[in-house]
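Trainee: Below you'll find the structure I mean.
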Amino acid sequence: CLSHLPTAVGSDAAHFDLSLARKKRANAQGSCDWLVLHVQELISLAYQISTIQFENMRPIGVGLLSTIIDKFEMTSDPDLPGHLLLEQYQAQLVSAVRTALDSSSGPILLEAGLQLATKIMTSGIISGDQAAVKRIFSLISRPLNDFKDLYYPSFAEWVSCKIKIRLLAAHASLKCYTYAFLRRHHDRVPDEFLALLPLFSKSSSVLGKYWIQILKDYSYIFLGLNLKRK
């Protein structure tokens, strides 16, 4: 139920704009129970679930954190002009990623962690924090060392394939985001983005090989399905 809450509240802008929500509450307009006013409790609860002792519950918390980023990544912090609201919850978000991407994590939790890591890295929430950027990049790069051995005997074979694709997609999203930023702001590139460039070069040879393999597999399947339809 919690994972559906950010969608269930509807599209009223006051649910996702802290300044507007405070203004409406001050003027006593509507119910005054806007979701953005409860972001702290929502993130706290999601973080607790994502780090709970029972691993089967953790993907729910990690998924909720991803949903929260989807809904609030562009929300400004009226108390800190020029900053995003979710920046103040950076510690919880990075910690949740670290727990989810632990080497002992199962595939469901690992997939949720990769998705959350991608959203954090491409949302601007940790912009300015070079240590956090490097930390998350290190976490999503670690599975590349054992890419061929990513296999879960207790699950169907497609589960391993899905994890590998999610891992490659995470790196692709981050690389596209970084280079798009460099093209737009080549005259003032933040240090955290510059720090990623040498890291990209180290992993490019490995990633390029697997990206091409995935593209070949996709093309083969896609063309095969179209030929069958004809």
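Residue numbers (my numbering): 496 to 725. Ideal Cβ placement from N, Cα and C applies to all residues, glycine included.
1. Would you list the one or two residues that DSSP bridges to Ser571?
2. Starting from Phe676 and walking both ways along the alpha helix (DSSP H), at which residues does that stretch end?
3. Quick one, which of Pro573, Leu579, Asp574 and Pro554 has its alpha-carbon nearest Lys566's?
4. Which residues in the same chain have their Cβ closer than 6 Å to the Cβ of Ile635, if we skip the five residues on either side of it in sequence?
5. Do you know offhand how far Pro501's Cα is from His533's?
6. Please state whether DSSP places Gln447 in a helix, a strand or coil.
7. To the nearest angstrom, how far is the alpha carbon of Gln535 from that of Ile707?
8. If contacts are defined as beta-carbon pairs under 8 Å, then Leu609 and Glu550 qualify, I think. What distance do you get, rounded to the angstrom?
9. Could you give the residue range of the alpha helix (DSSP H) that holds Phe642?
Mentor: Working from what's here:
1. As a position in the sequence shown, residue 571 is number 76, starting the count at 1. According to DSSP, Ser571 bridges with Leu579.
2. The residue you call residue 676 lines up with position 181 of the sequence shown. That run of the alpha helix (DSSP H) goes Glu652 to Arg679.
3. If you number the sequence shown from 1, residue 566 lands on position 71. Taking only the C-alpha atoms, the option nearest Lys566 is Leu579.
4. By 1-based counting over the sequence shown, the position of residue 635 is 140. Apart from the 5 residues on each side of it in sequence, Ile635 sits with its Cβ closer than 6 Å to the Cβ of Ala612 and Ala665 in its chain, given in chain order.
5. Indexing the sequence shown from 1 puts residue 501 at position 6. Indexing the sequence shown from 1 puts residue 533 at position 38. Looking at the two C-alpha atoms, the distance is approximately 11 Å.
6. Limits of the chain in this structure are 496 at one end and 725 at the other, which puts residue 447 out of reach.
7. Against the sequence shown, residue 535 aligns to sequence position 40. Against the sequence shown, residue 707 aligns to sequence position 212. For the pair Gln535 and Ile707, the Cα-to-Cα distance works out to about 42 Å.
8. Taking the sequence shown and counting its residues from 1, one reaches residue 609 at position 114. Taking the sequence shown and counting its residues from 1, one reaches residue 550 at position 55. Not really, about 16 Å apart at Cβ, beyond 8 Å.
9. Working through the sequence shown from its first residue, we reach residue 642 at position 147. Premise fails: Phe642 is in no alpha helix (DSSP H) and is neither H nor E.
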